[in-house]
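S.K.: Be aware that the sequence shown starts at 12, since it is given in the working numbering, and climbs by one per residue. Heads up, the beta-carbon is just placed ideally off N, CA and C, and yes, glycines get one too. Just so we're clear, the structure is a prediction, and the values are computed from it rather than from any experiment. Encoded as structure tokens, here's the structure I'll be asking about.
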Amino acid sequence: MPIALLSGTHRPGSYTLRVAEYLAQRLEALREASHILDFQRLPTDFLVSDLFGARSAAFAAWIEVLQQCPAWIWIVPEYNGSFPGLTKVFIDALPREVLRKRRAGLVGVSDGRFGNLRGLDHLSAILSYCGMEVFAHRAHLMRIQAHWDLAENRPLEPLATELESFVKQFLEKNRTFASA
């Protein structure tokens with residue numbers, strides 16, 4: 012079953028999307044399918060069209076992809092000590108049953124020194140409330156700009172090791188969950 016990689020910002024040229032693309036490559040190398048859902052590609056009017064019961068065809072396509080994925084990895088940057096408001100609006104626009112009984116991994120992206128620690132705590136609480144099983148091990152990618160090779164579009168140490176450990180543990184947890 013594929014894993015959804017949610018790039019939780021619509022900022023052009025973000026490190027968040029770079030991390031999602033890197034994770035997709037790592038998953039492919041491990042023979043795991045994934046779908047990147049880039050928030051830059053969200054329908055521009057989904058806040059109005061999809062938040063209160065109406066459903067646009069464009070956002071319905073996003074929901075269809077998510078329904079195929081029992082596990083989601085949220086890659087979210089730090090915005091003002093938390094995560095982007097767009098990520099919260101996205102969650103609010105989803106039907107609750109799409110979130111229930113799915114597994115969530117969390118990756119925080121920050122140019123600061125804590126890798127969006129506080130934002131991942133906030134997101135974890137919301138996702139748990141919505142019925143997702145949130146994986147306890149999180150990847151905190153701190154000082155992202157200093158630890159990213161732009162030419163190769165990949166993380167440098169220690170972030171490469173952090174992501175490798177996260178992916179392996181997340182996949183192991185998913186296998187355990189799926190066989191239970």
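Could you name each continuous beta strand (DSSP E) segment of 3 residues or more that falls completely within the stretch 43-101, going from the start of the chain to the end?
M.R.: List check, beta strand (DSSP E) in window: 45-49, 82-88.
S.K.: Look at the alpha carbon of V109 and the alpha carbon of C141, and state the distance between them as a whole number of angstroms.
M.R.: If you take the alpha carbons of V109 and C141, they lie about 9 Å apart.
S.K.: Whose C-alpha, out of E168, A162, I155, is nearest the C-alpha of Y26?
M.R.: Per the Cα distances, I155.
S.K.: Provide the residue(s) that pair with H133 in DSSP beta bridges, ordered along the chain.
M.R.: The partner list for H133 (beta bridge, DSSP) is empty, contrary to what the question assumes.
S.K.: For Q78 and L170, what's the separation of their Cα atoms in angstroms?
M.R.: Roughly 30 Å between the two C-alpha positions.
S.K.: For G119 and R149, which I take to be in contact (beta-carbon distance under 8 Å), what is that distance rounded to the nearest angstrom?
M.R.: Yes, G119 and R149 are in contact; Cβ-Cβ is about 7 Å, under 8 Å.
S.K.: Which residue wins for smallest C-alpha separation from R107, given the options Y33, L62, S93, T55?
M.R.: Nearest option by C-alpha distance: L62.
S.K.: Counting pairs of beta carbons, one from the stretch 167-186 and one from the stretch 63-73, are three or more of them closer than 8 Å?
M.R.: Short answer: they don't touch.
S.K.: Less than 9 Å separating the beta-carbons of A115 and W83?
M.R.: For A115 and W83, yes; Cβs fall inside 9 Å.
S.K.: Tell me which residue opens and which closes the alpha helix (DSSP H) that R37 is part of.
M.R.: Start and end: 26-40.
S.K.: Quick one: grab the DSSP three-state call for A171.
M.R.: Helix, per DSSP.
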